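Protein chains in written order, with this note's numbering: chain A, 56 to 359; chain B, 994 to 1298.
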């Protein structure tokens, strides 16, 4: 009973905060709409080019005007070729990418949720040290560590295994920071006190109550980590020397480099169609989850 | 009854449990910290260790102190790559952030038709993998069968190739801008959304115009977000790797193996097997990035007064 009320109260206090800022009704501006439309065209033009190009045969791709359809419509033919080329290595890379995203992004979100929540809601010995180390590490760019990480992982025998990609993906300092700021308001300490009085353990409270209250923050972190792991390129590039465990990004670039080499198989239509197939799932995930971003980002930026 | 009255006080500053030596927080922070130590702290320590040694044909692996750092600081290739990303930083980042700021203000202004459609569409390129972004733009840049070639044929003109030596950095800047304008726009927009409505109402009562509101209310509220966006962009510029690395196969003559510091470190390791020197370069660039990011943060928060 006490719990439900506290949860309700915390929800209400959050909703009253997040009203739309500055959106008093105003006259629409035509000039502004035109200028913004230019930016919109800029943002969508390459994607439109990609869509159009993936419907063309190889000769048409190299000879026709880039921004309009030409020749016979061969999108499905291109897709079939992309999926079957090189014993279906594209499908294999697709599966690898999904594995890295599910385990990497899912794990990163879970670790960030636990850690951020722990930092926001508990006092424990060494907490200051944790803050100092994590905040210090945010300044160290991930790519700067790629080469040393590779050397270390090769000593440990982890290179050329999925672990070499998954383990580094599990850490999202930005995600930790976001959940930390979000949890301070979203999970009222009173709720936790009430749960403790009801005799629930800390972990149980986290998974049954707090996780739900952290919802929008979690989705934000999940989307960031999904995009980051789906698009990961540098790390797999150096960690993997055989195509077996390649994600889509590295595989596509290998196709492209091969097409550029003299005497290589010129499979530009497959590079283009493969690019389209790489973009479509992440764009769909993005469109589904994008409305949650704003609330999460806002929570992060208030405290910043 | 007691629990009820307790829970009714939501919103009051929460006093945390003040039990001495309560370790239960570690149950939550522990897993993160274990992986963190393995994939972040250990490589940092390992690369510092590597940078102090040298692997020589005669004598094998030996301790050389700061000799690698001395070598890097007098290495013209290293300085050329630093100079290139600095130029990139000074030109591309302001353009991108100005575009993002304009877009965020436009979307927040309530003067735009279908503003949420614009917001999502402009943000969309952020989801596109850097590999695909570089491949798409790289193909379009082509003068033989790309869009640039189409334009040249159609108008009978001769636009210089975006992949040529003198234009390649600008072309990469365009790709990076395309990828991140929407991200920064959303960062700014999120900060604008949490401005309390009473501020706008007060400004309205005082008869403040649109630009006055932008200058006196919106821009000050945006300062922390702008500082964060700037810091992220500085880090991104110094770490530039994906786009030039992928464009290299399309423009092998314009992009050298030491085009950016990161590409230099990568090629030293994987083409030259010079792991110690490569680790040294990575550390110097990391320190330089952190120093500049820190300076931006200091000057950004000082003006906040």
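Glycine included, each C-beta is placed from N, C-alpha and C at the ideal position. Since the model is a prediction, treat every value here as computed from it, not as a measurement.
- Listed in chain order, the non-local C-beta contacts of residue 1073 of chain B below 8 angstroms within the same chain comprise 1251, local neighbours out to five positions each way being set aside.
- DSSP places residue 132 of chain A within a helical segment (H, G or I) once states are collapsed to three.
- The continuous beta strand (DSSP E) containing residue 1048 of chain B extends over residues 1046 to 1049.
- In the DSSP assignment, residue 1231 of chain B falls outside any beta strand (DSSP E) and lies within the alpha helix (DSSP H) extending over 1212 to 1231.
- With contacts defined by Cβ atoms closer than 8 angstroms, residue 1120 of chain B and residue 341 of chain A form a contacting pair.
- Per DSSP, residue 1056 of chain B is one residue of the beta strand (DSSP E) stretching across 1053 to 1056.
- The C-beta distance from residue 215 of chain A to residue 296 of chain A rounds to 6 angstroms, short enough to fall under 8 angstroms.
- Spanning the alpha carbons of residue 1240 of chain B and residue 326 of chain A requires a straight line of approximately 14 angstroms.
- Taking the beta carbon of residue 1153 of chain B as reference, no residue of chain A falls within 9 angstroms; the closest one sits roughly 18 angstroms away.
- DSSP places residue 127 of chain A outside both helix and strand once states are collapsed to three, so it counts as coil.
- Contact of residue 236 of chain A with chain B by beta-carbon distance below 7 angstroms is absent, the smallest such distance being about 12 angstroms.
- Ranking B:1219, B:1022, B:1205 by CA distance to the CA of residue 188 of chain A puts B:1022 first.
- For residue 83 of chain A, the secondary structure class from DSSP, reduced to helix, strand or coil, is coil.
- For residue 1017 of chain B, the three-state secondary structure derived from DSSP is coil.
- In this structure, DSSP gives residue 1197 of chain B a helical state, which the three-state scheme calls helix.
- For residue 262 of chain A, the secondary structure class from DSSP, reduced to helix, strand or coil, is helix.
- Chain-order list of chain B residues neighbouring residue 308 of chain A: 1124, 1239, by C-beta distance under 7 angstroms.
- Where residue 251 of chain A is concerned, the enclosing alpha helix (DSSP H) starts and stops at 244 to 252.
- Not a single CB atom of chain B sits nearer than 8 angstroms to the CB of residue 103 of chain A.
- Ranking B:1107, B:1290, B:1063 by CA distance to the CA of residue 1221 of chain B puts B:1290 first.
- Using a Cβ-Cβ cut-off of 8 angstroms, residue 257 of chain A counts as an interface residue toward chain B, since at least one Cβ of chain B sits closer than that to its own.
- Of the candidates A:256, A:184, A:232, A:256 places its Cα closest to the Cα of residue 1020 of chain B.
- Closest by C-alpha distance to residue 1234 of chain B, out of A:302, A:294, A:289, is A:289.
- Contact between the region 95 to 110 of chain A and the region 1125 to 1136 of chain B is present: three or more C-beta pairs spanning the two stretches fall below 8 angstroms.
- Here the alpha carbon of residue 106 of chain A sits roughly 18 angstroms from the alpha carbon of residue 1141 of chain B.
- Under the 8 angstroms Cβ criterion, the region 1258 to 1275 of chain B does not count as touching the region 1155 to 1171 of chain B, having fewer than three qualifying pairs.
- Cβ-Cβ distances below 6 angstroms link residue 1223 of chain B to 1289 in the same chain, with the five nearest sequence neighbours on each side left out; the list follows chain order.
- Going by beta carbons, residue 1270 of chain B and residue 1064 of chain B fall inside the 8 angstroms limit.
- Under the rule that a run must span 3 or more residues, no beta strand (DSSP E) segment is found entirely inside the region 1131 to 1163 of chain B.
- The three-state reading of DSSP puts residue 287 of chain A in coil, since its state is none of H, G, I, E or B.
- According to the DSSP assignment, residue 1236 of chain B belongs to the alpha helix (DSSP H) that extends over 1235 to 1240.
- Taking C-alpha positions only, residue 1066 of chain B is separated from residue 1245 of chain B by approximately 27 angstroms.
- By the criterion of a C-beta distance shorter than 7 angstroms, residue 1105 of chain B is surrounded in its chain by 1099, 1111, once the five residues flanking it on both sides are discounted.
- At a beta-carbon threshold of 9 angstroms, the residues of chain B lying near residue 200 of chain A are 1032, 1033, 1036, 1037, 1040, 1275, 1279, ordered along the chain.
- For residue 156 of chain A, the CB contacts under 7 angstroms within the same chain, skipping 5 residues up- and downstream, are 281, 284, 285 in chain order.
- Within the region 1048 to 1071 of chain B, not one residue has a Cβ closer than 9 angstroms to any Cβ of chain A.
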